[in-house]
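The sequence shown begins at 52 in the working numbering and counts up one residue at a time.
For each residue, glycine too, the CB sits at the ideal point set by N, CA and C.
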Amino acid sequence: MTGSVASLWRYPVSSMGGERLERAPVGPSGITGDRIWGLLDAATGRIASPGRENHFIQVPRGHARFAGEGVAISADGESWAGPDDSATIEALAAIFGFRPLLKRFDPVPGEGFRPRYEHAPLHIVTTAAMRSLERDHPESVIDERRFRPSLVVDWPDE
């Protein structure tokens, strides 16, 4: 069997919503600009983990896109600003229920502030797997963005 790329995604800020791409450079650390920043609760210092803690469940509603060597963030997907823009941080805080702090991951492997998924720089989901979930959970809406894939591969059912 062979598959083809159905969609390509980049998530510049880990746990926030990402950007759909037409093309992207890929290297040993994955898609350029992918998951290069982390989002923390400014009060506790805990890194966002929406899949593990309800406290962070709203974080994927925030938007992020790669901007040169940095990141742009948005509360509404229309107005964009840098990661230290106070108005955008306040707008995101209203959505998240806590004040976020964005911090760039250390680019030196094994040192400093590190991403959770450093050992797996690409996350691939197949359309066959999503169709299987739809069959198993017909009452649910299966949206590829829920899985935060780097690549969605169009793959036939077996």
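Secondary-structure assignment with DSSP links PRO151 through a beta bridge to ASP92.
If you look at THR53, you'll find it isn't in any alpha helix (DSSP H); DSSP assigns it neither H nor E. Assignment of alpha helix (DSSP H) within the region 83-129, counting only whole runs of 4 or more residues, yields no such run. Distance between THR139 and ASP208, taken at the CA atoms: about 43 Å. Boundaries of the alpha helix (DSSP H) harbouring GLU185: 178-187, taken from the DSSP string.
For GLU190, there is no enclosing beta strand (DSSP E), as DSSP gives it neither H nor E. Bridge pairing for GLY68: HIS114 [DSSP]. In the three-state reduction of the DSSP assignment, ALA144 falls in the helix class.
Rounded to whole angstroms, the Cβ separation of SER58 and GLY89 is 24 Å, and the two are not in contact under 8 Å. Residue pairing from DSSP places ASP205 in a beta bridge opposite SER55. Rounded to the nearest whole angstrom, the CA to CA distance from SER137 to LEU153 is 12 Å. Distance between SER125 and MET52, taken at the CA atoms: about 40 Å. Between ALA94 and ARG150, the C-beta spacing is below 8 Å.
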